[in-house]
Each structure stands twice: as C-alpha cells, then as structure tokens.
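Have a look at the structure below, then the notes.
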C-alpha cells in the first residue's frame, strides 16, 4: 500500500497544480540557540505570511500542564491555529517551547517550589529569559521587522510574557496574556495566591510595555475574581494593561486562546493590535485558497473540515475517496510529506480503498 501512496506523491509533483498557486503560509521547524547556555537550544516553529518584505514578529508561548509527565510530549505544532491567525494578519509567527518542554533542552527552570511558599518571581523570570532569547534570535531573520515585535502567551506562557515586559528585548512594542498565571494544581485551587498577586505587582512596577490581559468566565485554572485581583495588582505596581473579561468558552474558559475560541478572542486582539499600529484581520491579504470549494460527497462535516483546511498553513493536502471518505494534513515541512500523509490517512478512513488528491496547498490538483 505504501507504494501506491508514493506513486500518488510522484504523480502530483510531476503534474503540478492546476492554476496559479497563491503565496501561501509557510512553516519552518528550527532550533533557537541559547547563547548563554552553550549547546542548549529551544524547539520552535516559524510561520511566514508568504509575502515579500519585512513583517512584524509575533512570538507565541504555551502554557504548562499540571502534570510534569505531559511536558516532554509538547510541541510547537500545538499552537498551529494561533500561529495561523497571526500569520494571516501579516506577522511572522513563531511558537517556541521554553526550556524543559517538548524537545527544548536546558532542563525545566520554571518550578516555583512548595505550594505553600511559592517563588513565582523566579519562575516567571526563568520563562521570560527563554522568550527574550527567542525574540533576540528571531529578530535577526531577514523577513522580520525588528522594531515591531509582539509577545503573546497563554497560562504559564502568559505569566512569562508579563515577566518579559519588566526587561523587554529591543523592538517589543506590545504584549498579550491569555489567562496568565502559575500555581494551579487542580480546578479552582492556586498555590500561594497572595504571593502570585505580589509577584504580578512587582512585574507591574518594572513593566515597560503596554499589555492586553484576557480571561474568560469559568476559567478553572484562574478564577475571575483572582484574575481581577491580578490585573489590579499589576496596575497598582505601575503596569499598563487593558483587561478584558471574555464570555464563557466551553466548560473551562482557560482554553479560550484556541482555534475554537477564535470568534471570541480575535476581535479583542484586533482592537488591541490596531491601537498599537500592528496588522489586524482587515490588513490580511486576499488568498486564492479562500476561493476553493469543498469537495462533493463529503457531507456537512466534510465541508466544515475543508474550511479548516483552507485556513491552515502550508504545506498541506486534502485527499478524498470515491465513497466520500476524506483526510487532510497541514503545516508539513514539504509538499511531498503533506501529500503522502493525506493519502495515507484517507485510505485508512476509506477502509483501504484508494483515494485521490483534491487540493494541495491553496489550489486544486490537476485531474
């Protein structure tokens, strides 16, 4: 069966794509060196808008799972939907795994010690150090405007982003924290809450960058009342933050900064970006991929999934069977990898029956 998949890859690459393909989003897996730590490096994924010139940089930072056993399995690809949202607006979007997460080396430095005597200052600054190094490295890329940098983080990544603003790298003009915080060990329970609040106040006393803080209702990591106290402490310390209490999202608002939450958070973010001279959805260039029609015989669910495919990053492929089975892969390193994976998944979905390519990147395949 593998021979048939590879034959499909060769056919698609040999015939090419019907029509002119637009400059789509591209992805590149990289390692970011930690100059101060010798051979250590951070795992990262960079997504580019596919248009010429220099672009603002959006650094997107992940959260921290409650279980340490989950840290090694994390990947920058877990933030693909968020990266795509920013890249579509014209940013070079980068998701970086901080030290000790995924395959990033250097060990986990974000521990805060005993629950009843947490050291959040140390933990926040350790995360911020990785973000600082990532920005310094990414700002040197030829397609990045080093004077227009945005830092975005969720949960522990949001907390590290808050810490980053007290000693910002050159070019950081704004920062966003989604459900930022540390110390949630179970639903609605946070270690050393008063220490967390005092730490945020300290960050605020030194913060030099305007921020947007977003928390959703029913956040089971950081309750709405705690979120309000955190932003109040940050402002009392002298920090500048716009605070948005977003409506409920699912059973746990902590997951708002996700693909499913985009209808809620994108307008909030766009208003903040516009206020700081950064590109918004209104600045997004038209895409040829938006004109692609869903394949026939895939039903309502398949049509909805094809919308997800159209918005996703290259390299990507969508495959279908004669009986209506389908599958797709996005944000692959090469076109060939996307094609092979989509065909393989489709044939599995079709019970071993053959599949054909329907679209590759942002264009239909040649018949």
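In the working numbering, the protein residues as written are 3 to 369.
Note that CB positions come from ideal geometry on N, CA and C, so glycine has one too.
Checklist entry - In angstroms, rounded to a whole number, what distance separates the CA positions of residue 358 and residue 123? => result 54 Å
Checklist entry - In chain order, which beta strand (DSSP E) runs of at least 3 residues are fully inside the stretch 321-361? => result 328-331
Next on the checklist: I'd like to check one pair, residue 328 with residue 348: are the Cβ atoms closer than 8 Å?
Outcome noted: yes
Item to check | CA-to-CA distance, residue 49 to residue 81, given in whole angstroms | outcome: 11 Å
Next on the checklist: Rounded to whole angstroms, what is the Cα-Cα separation between residue 237 and residue 53?
Outcome noted: 38 Å
Checklist entry - So, helix, strand or coil for residue 217, using DSSP? => result Three-state result, residue 217: strand.
Item to check | Where residue 2 falls: helix, strand or coil (DSSP) | outcome: The first residue shown for the chain is 3 and the last is 369, placing residue 2 beyond what the model contains.
Item to check | Cβ neighbours of residue 244 in the same chain (closer than 6 Å, five flanking residues each side left out) | outcome: These residues qualify, in order along the chain: 214.
Item to check | Cα-Cα separation between residue 372 and residue 51, rounded to whole angstroms | outcome: This structure cannot settle anything about residue 372, because the visible part of the chain is limited to 3 through 369.
Checklist entry - By the 10 Å Cβ neighbour count, where 16 or more other Cβ atoms means buried, how is residue 94 classified, buried or exposed? => result With 16 or more other Cβ atoms from the protein chains shown falling within 10 Å of its own Cβ, residue 94 counts as buried.
Item to check | Ranges of the beta strand (DSSP E) found wholly within the stretch 190-238, counting only runs of at least 3 | outcome: 213-218
Next on the checklist: Just to confirm, is the Cβ distance from residue 146 to residue 59 under 8 Å?
Outcome noted: yes
Checklist entry - Quick one, which of 158, 108, 118, 109 has its alpha-carbon nearest residue 126's? => result Out of 158, 108, 118, 109, the CA that lies nearest to the CA of residue 126 is found in 158.
Checklist entry - In angstroms, rounded to a whole number, what distance separates the CA positions of residue 111 and residue 102? => result 7 Å
Item to check | Contact belief for residue 184 with residue 114 at Cβ below 8 Å, rounded distance in angstroms | outcome: 6 Å
Item to check | C-beta atoms of residue 176 and residue 280 nearer than 8 Å | outcome: Taking 8 Å as the Cβ cut-off, residue 176 and residue 280 qualify as a contacting pair.
Checklist entry - Does the beta carbon of residue 166 sit closer than 8 Å to a beta carbon anywhere in chain D? => result Going by chain labels, chain D is absent from the structure shown, which holds only one protein chain.
Checklist entry - Could you check where the alpha helix (DSSP H) with residue 245 kicks off and where it finishes? => result It is not in any alpha helix (DSSP H) - residue 245 instead sits in the beta strand (DSSP E) that spans 243-248.
Next on the checklist: With a threshold of 7 Å on Cβ separation, who are the neighbours of residue 34 within its own chain once the five nearest residues in sequence on each side are excluded?
Outcome noted: 43, 44, 46, 98, 135, 136, 139
Item to check | Straight-line Cα distance separating residue 355 from residue 345 | outcome: 11 Å
Checklist entry - Where do the N-terminal and C-terminal ends of the beta strand (DSSP E) with residue 300 fall, by residue? => result Unbroken run through residue 300: none, as it is neither H nor E.
Checklist entry - Taking the DSSP output, what are the residues bridged to residue 154? => result 62, 178
Item to check | Reduced DSSP category for residue 47 - H, G, I as helix; E, B as strand; rest coil | outcome: The answer is strand: DSSP assigns residue 47 an E or B state.
Item to check | DSSP state of residue 78 mapped onto helix, strand, coil | outcome: helix
Checklist entry - Is the beta carbon of residue 68 sitting closer than 8 Å to the one on residue 194? => result no
Next on the checklist: I'd like the span of the beta strand (DSSP E) that includes residue 316, first residue to last.
Outcome noted: Boundaries cannot be given for residue 316, as no beta strand (DSSP E) includes it and DSSP labels it neither H nor E.
Checklist entry - So, is residue 168 buried or exposed, given that buried needs 16 or more other C-beta atoms within 10 angstroms? => result buried
Checklist entry - Hey, quick one: how far does the beta strand (DSSP E) through residue 33 stretch, first residue to last? => result 28-35
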